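Structure, as structure tokens:
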Amino acid sequence: MKRRISVRLLDLTGGKMATRRLCGILANATRQMANVVSRRLASTSMSMREAICAAMDEEMARDESVFLLGEEVARYGGCYKVSKGLLQKYGEDRVLDTPITEMGFTGIAVGAAMAGMRPICEFMTYNFSMQAIDQVVNSAAKTYYMSAGRVNVPIVFRGANGAGVGVAAQHSQDFAAWYAHCPGLKVISPYSSEDAKGLLKTAIRDDNPVVFIKNEMQFSQEFRMSLIFGCPPRRPLRNEA
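So the sequence shown is residues 1 to 241, counted in UniProt numbering.
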């Protein structure tokens with residue numbers, strides 16, 4: 001059986017040298033695949049809070065048009081400490097504390113998006129987004145359609161959603177289905193830290209409005225995270241620069 005296989009392989013490839021080259025290529029490809037799989041399986045832990053902060057950090061470093069605004073997102077580091085350290089790294093021009101006026105700062109964010117910026121508009125809790133519902137559902141969601149595709153609104157509305165601990169009924173509502181039924185909005189509700197980081201980065205790069213919601217009781221929860229998504233991006237090789 002071995003002899004038959006070797007003869008047929010020689011016939012197909014044109015000799016022993018070609019066979020050796022082919023085997024070398026296959027062996028190299030196998031090693032590369034094994035390396036990718038091993039990196040995939042190797043993992044570390046990251047909390048939901050850390051994953052969301054890392055996603056915003058990486059996108060703000062990548063694109064100067066990305067900025068964050070909302071209540072207590074700057075000096076306090078966010079209500080759930082999701083934006084901790086971003087003010088010190090990017091300054092007050094890109095991490096902005098706002099007054100307690102959801103309609104006002106949401107309108108500012110939507111206008112900035114229409115002008116070409118990529119704002120991340122944070123609601124301390126999505127219960128407060130009801131104060132800004134007109135800006136989200138009418139100004140942001142419908143503009144691309146009403147402008148016949150000429151005006152994009154690349155904005156992410158991000159915040160805590162759903163039941164909390166000791167926050168009463170009016171702060172425990174789930175708005176995922178509400179926003180999912182609004183034409184023009186994409187709604188993301190990630191389960192794990194890896195999902196949260198990858199999907200938030202994708203949402204920030206999207207040219208249309210995205211509602212990014214997360215249950216407030218999961219911010220401190222840690223999830224296993226593969227190193228491919230958990231480690232900082234590698235430096236480009238010389239021939240990639």
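For every residue, glycine included, the Cβ atom is placed at its ideal position computed from N, Cα and C. None of these values were measured; they are calculated from a predicted model.
Collapsed DSSP secondary structure at residue i in the structure displayed
{"i": "residue 100", "result": "coil"}
{"i": "residue 239", "result": "Unreliable positioning characterises residue 239 in this predicted model, as indicated by a pLDDT of 41, which lies under 50. A coordinate reading is not provided."}
{"i": "residue 110", "result": "helix"}
{"i": "residue 219", "result": "coil"}
{"i": "residue 44", "result": "strand"}
{"i": "residue 244", "result": "Any property of residue 244 remains undetermined from this structure, which presents the chain solely from 1 to 241."}
{"i": "residue 70", "result": "strand"}
{"i": "residue 92", "result": "coil"}
{"i": "residue 79", "result": "coil"}
{"i": "residue 122", "result": "strand"}
{"i": "residue 4", "result": "Bear in mind that the predicted position of residue 4 carries a pLDDT of just 49, short of 50, making it unreliable; the figure below should be weighed with that in mind. DSSP places residue 4 in helix when its eight states are reduced to three."}
{"i": "residue 19", "result": "helix"}
Proximal residues to residue i (C-beta, below 6 Å), its chain only, five neighbours per side dropped
{"i": "residue 222", "result": "45, 47"}
{"i": "residue 257", "result": "In this structure the chain extends from 1 to 241, so residue 257 is not present and cannot be described."}
{"i": "residue 65", "result": "117, 118"}
{"i": "residue 124", "result": "71, 79"}
{"i": "residue 146", "result": "none"}
{"i": "residue 94", "result": "67"}
{"i": "residue 6", "result": "Annotation note: pLDDT 48 at residue 6 (below 50); position unreliable, no value reported."}
{"i": "residue 219", "result": "48, 49, 80"}
{"i": "residue 163", "result": "172"}
{"i": "residue 211", "result": "157, 179, 185, 187"}
{"i": "residue 86", "result": "95"}
Cut-off 7 Å between Cβ atoms - residues of its own chain near residue i, not counting five sequence neighbours on either side
{"i": "residue 141", "result": "182, 183, 184, 185, 209"}
{"i": "residue 98", "result": "69, 70, 71, 105"}
{"i": "residue 136", "result": "106, 129, 157"}
Cβ pair residue i, residue j closer than 8 Å
{"i": "residue 118", "j": "residue 57", "result": "no"}
{"i": "residue 67", "j": "residue 96", "result": "yes"}
{"i": "residue 53", "j": "residue 82", "result": "yes"}
{"i": "residue 204", "j": "residue 59", "result": "yes"}
{"i": "residue 122", "j": "residue 158", "result": "yes"}
{"i": "residue 114", "j": "residue 165", "result": "no"}
{"i": "residue 189", "j": "residue 177", "result": "no"}
{"i": "residue 201", "j": "residue 29", "result": "no"}
Expected contact under 8 Å - CB spacing of residue i and residue j to nearest Å
{"i": "residue 153", "j": "residue 110", "result": "6 Å"}
{"i": "residue 213", "j": "residue 161", "result": "4 Å"}
{"i": "residue 131", "j": "residue 92", "result": "Contact doesn't hold; Cβ gap of about 24 Å is too wide."}
Nonlocal neighbours in the same chain, by C-beta distance under 8 Å from residue i, ignoring five residues either side
{"i": "residue 144", "result": "151, 152, 153, 184, 208"}
{"i": "residue 133", "result": "none"}
Neighbour flag for residue i against chain D, beta carbons, 8 Å
{"i": "residue 218", "result": "Among the protein chains of the structure shown there is no chain D, as only one such chain exists."}
Item to check | 4 or more residues per run - each alpha helix (DSSP H) lying fully within the segment 135-203 | outcome: 143-146, 176-180
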